[in-house]
Each structure stands twice: as structure tokens, then as C-alpha cells.
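Under the working numbering, the letters of the sequence shown match residues 174 to 393, in that order.
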Amino acid sequence: MKIVLKKILFVIIGISILGILMYNISLWNQKVNFEKYATNFNPERTKIGLKQISKNWKSENQTWDNWNILSDENYNDGKVLKFAKIFSLKDINTGIIYENDSSDLNTNFQSKIIWLNSNILFWRNGIESEMDYYQRNIDSNTVENLSIRYYFKDDNGNKNYFEANHSIYELDGFYCGTPSRMEREKQRVLGKPYFGNITKKQADSILAEWKITRNNKVYN
């Protein structure tokens, strides 16, 4: 009986050591990816058609340390549930948020979000998608938004494509996001690439139109 208990104890200790090792390797690998897909990735962004990252922008890394804000589903998670999800071998989105901190008033570019995949199986960590967000004020009460998102690999396994969305809304108006969330969930269930309400080509045309301001200055 003692021999059996010792074997069980050794197995538990071995699994614990392996778990701690994999957890820390995955954390280290996530930090490597934060650096890999920052300014070092700019040449690839140019080839793809995404905006390069400026060293002057403010940035915030979303890691397992920010667990409760990584996803709405994690909001009420305690430590036990957090580690249960991490060791479930499921993919977990982490990422980097960049905000344009430029003093140049002639810029429409607002922010960039990079979604990175994390997993306790650290070799599965990598970039999932990246989105550039633009905005301009049409008048004191009307705002025009444009987002361009590139998927390296989405949650259904589709690779290398763009999703673009364009909208105009009034600041004092009321908008419900439920229909758009339902539409996105429908797209996810179908398993096909996500699509917005415009194409990447149309998004580029809109940005080209924004280049001329009332002062004949150029937007970035």
C-alpha cells in the first residue's frame, strides 16, 4: 500500500512540476511574441497593407496577468477557475493595444489592436489578427469610423484575409450593438471567413478621400 501511495505521490509531483514548467515557458513565449509583433513586424505590415507601428504610440500588453479584462467571460473568475481554463488546453486571446499619442492634429488614425493567441501548449502561441482603427469628425455631432482587420488565422482556421467596416453615427444618438454581435456569431458558426460591410479596397478608397482636409493638409 505504501509503495502505491509513493508512486501516486511521485506522479502528482511530476505532473505539478511539468505544469509549472509549461506555464512559465508559455508566459516567456508570450513576452517573446509581444516583442516579435511590435515594431519588429513593421516590414511585414507594409507588405500586407496594415499601418506600421510608431515608437511614439502608447501601448498596453494584455496578458494572463490581466485575466479579468481579457474576455467578458473571465470577469468573475477567481484564481482556481483561471488556472482551470489555462490548463484546459484551450486557446486564450491575449494582445497589445496601441493608441496614437501623436500631437499631429491632421491624423485620422486612432488605435491598433493586435490579438495574440496563448495556450499552455506554448508552441501554439502566435498572432491571430490585427486591426487598424480610424476616425474623423464630419461635424461637431457626427463621427465617421473605419476599421481594417487582417486575420492571420481566425478561430475557424481561415487564414490571410481582411475584414473592413465603415460607419457614420451621431454623438447624441442611441445605438444597440446586439444585432452586430449576433451577426458576428452567425458568421463564426458558419465557419467561413468573417466579413464586414465594405471590402478592403473600399476601405482604402475611403482613407484616400480623407487625405484632403478643409485646410488642404494631409491625413496620415
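Where is the CB? At the ideal position from N, CA and C, for every residue including glycine.
{"Item": "Over the uninterrupted alpha helix (DSSP H) stretch that includes residue 378, give me the two end residues.", "Value": "373-383"}
{"Item": "Would you report the Cα separation of residue 382 and residue 250, rounded to the nearest angstrom?", "Value": "46 Å"}
{"Item": "Between which residues of its own chain and residue 216 is the CB-CB distance below 6 Å, once the five residues before and five after are set aside?", "Value": "none"}
{"Item": "Sorted by chain position, which residues of the same chain lie with C-beta nearer than 6 Å to residue 338's C-beta, five sequence neighbours on each side aside?", "Value": "320, 369, 370"}
{"Item": "Taking only runs of the beta strand (DSSP E) that begin and end inside the stretch 175-250, which ones reach a length of at least 3 residues, in chain order?", "Value": "231-235"}
{"Item": "Considering only their Cβ atoms, is the gap separating residue 323 from residue 281 smaller than 8 Å?", "Value": "no"}
{"Item": "By the three-class DSSP mapping on this structure, what secondary structure does residue 351 have?", "Value": "helix"}
{"Item": "CA-CA distance, residue 273 and residue 283?", "Value": "5 Å"}
{"Item": "Quick one: does the C-beta of residue 240 sit closer than 7 Å to a heavy atom of the ligand NAP?", "Value": "Among the components of this structure there are no ligands whatsoever, and the ligand NAP is therefore not found."}
{"Item": "Say whether the stretch 288-298 touches the stretch 350-367, bearing in mind that this needs 3 or more beta-carbon pairs closer than 8 Å, one atom from each stretch.", "Value": "no"}
{"Item": "What are the start and end residues of the alpha helix (DSSP H) that includes residue 254?", "Value": "252-259"}
{"Item": "Spell out a yes or no on whether the stretch 234-244 and the stretch 261-270 are touching, meaning 3 or more CB-CB pairs, one atom from each, closer than 8 Å.", "Value": "yes"}
{"Item": "How many Å lie between residue 317 and residue 290 at the Cα?", "Value": "30 Å"}
{"Item": "Quick check: residue 302 and residue 327, are their CB atoms within less than 8 Å of each other?", "Value": "yes"}
{"Item": "To the nearest angstrom, how far is the alpha carbon of residue 380 from that of residue 244?", "Value": "31 Å"}
{"Item": "Over the uninterrupted beta strand (DSSP E) stretch that includes residue 305, give me the two end residues.", "Value": "299-312"}
{"Item": "Per DSSP, what kind of secondary structure is residue 344 in: helix, strand or coil?", "Value": "coil"}
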